[in-house]
Amino acid sequence: MSHYLSTSIIFTLCYSLPVCAIELNLGLQLTTNNIDVRDESAQNIAQMSNKLALSPTVSLLSKGYYLSEQSSFGVQFQLDGNLIKVDRQTLHQNNQLTNLDTKISGYALYAMPLFFYHFNRHQPDEWQIKTGVGVGLGYLNLRGNYQITQPSHPEFGETKNIRFSKFGEAIGVYLEVKKGKHAFLLYNFSPYVNNSDYQFQEHNAVLAYRYTINLNHLLVKTDSP
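My numbering numbers the first residue of the sequence shown as 2 and each following residue consecutively.
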């Protein structure tokens, strides 16, 4: 029950902001996920990955706010997420991916401001290009197990079970190429959360196509007669 409450908090916070939920972006994306597990000393004790996967994508994005009318520097706010399913681990001895009969699945969410530079802003007939970084709130809902593969760790070779839903931080970088309502994106957003004595870092490298639907008319309040 707690993970449903945690998820609803992110959506409620974002929807309550006047700058959010201006655009709905729908599409498809190619994603590869990695989960790094680190101990208290920041040592990587397990790393899990998956194969490249095709999945639908949904995100909410505010309009851009610029430093000035002529400036190409700006900020916008994004709520995004992705499904997670990793079932291969990297062996620290040889950096090879292998099947250890371990698997972690779940999902990640992130809500953050994106600070960007907008190429061709004042040339609307050209392809619009944005590149930038984001820092904000992250959320991970994970369940499954992993094996500690760091030979120097005292629990080397042991399999750990996990099941948690937690908030943390998120960072990301992105490149967007857009014309009209059609956008192509290349990005990596990564939530970081702490659970017990370990930190879980989820990295997702994404190549996506998105179609933009303007939601402004849904947010405009009209006075009752």
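Beta carbons: idealized from backbone N, C-alpha and C, even for Gly.
Remember, it's a predicted structure, so these values are computed and weren't measured experimentally.
- Contact check for Phe168 and Gly139: beta-carbon distance about 7 Å, within the 8 Å limit, so the pair qualifies.
- The segment 193-210 makes no contact with the segment 89-99: fewer than 3 CB pairs, one atom from each, lie closer than 8 Å.
- The residue from Leu29, Asp40, Asn45, Lys131 with its alpha-carbon nearest to that of Gly82 is Leu29.
- Taking 3 residues as the shortest admissible run, the segment 9-78 contains the following complete beta strand (DSSP E) segments, listed from N- to C-terminal end: 24-39, 45-50, 54-62.
- With 16 or more neighbouring CB atoms inside 10 Å of its own CB, Glu177 falls in the buried class.
- When secondary structure is reduced to three states using DSSP, Asn217 falls in the helix class.
- About 5 Å separates the beta carbons of Asn34 and Val87, which is inside the 8 Å limit, making them a contact pair.
- Ranking Tyr193, Tyr66, Pro152 by CA distance to the CA of Arg122 puts Tyr66 first.
- The three-state reading of DSSP puts Gln124 in coil, since its state is none of H, G, I, E or B.
- Counting along the chain, the unbroken beta strand (DSSP E) around Leu187 starts and ends at 183-196.
- Taking Val136 as the centre and dropping the five residues before and after it, the same chain places the C-beta of Met113, Ile172 closer than 7 Å to its C-beta, in chain order.
- A buried status is given to Leu62, since no fewer than 16 other beta-carbon atoms sit within 10 Å of its beta-carbon.
- Distance between Arg164 and Lys104, taken at the CA atoms: about 12 Å.
- Between Leu216 and Ile23, the gap from beta carbon to beta carbon is short of 8 Å.
- Closest in alpha carbon position to Phe78, among Ser72, Glu70, Ser60, Leu55, is Ser60.
- By the CB criterion at 8 Å, Ile85 and Ser106 fall inside the cutoff.
- For Thr91, the enclosing beta strand (DSSP E) starts and ends at 89-92.
- Of the candidates Tyr175, Glu170, His183, the residue whose Cα lies closest to the Cα of Val194 is Glu170.
- With distances taken between CA atoms, His204 lies nearest to Tyr188 out of Ile149, His154, Ser166, Tyr188.
- For the pair Lys64 and Phe157, the Cα-to-Cα distance works out to about 49 Å.
- For Pro192, same chain residues with a beta-carbon under 8 Å away, outside a window of 5 residues either side, are Ala109, Leu110, Tyr111, Gly139, Tyr140, Leu141, Gly169, Glu170, Ala171, Gln202, Glu203 in chain order.
- Scanning Thr150, Asp40, Lys182, Val207 for the CA closest to the CA of Phe190 turns up Val207.
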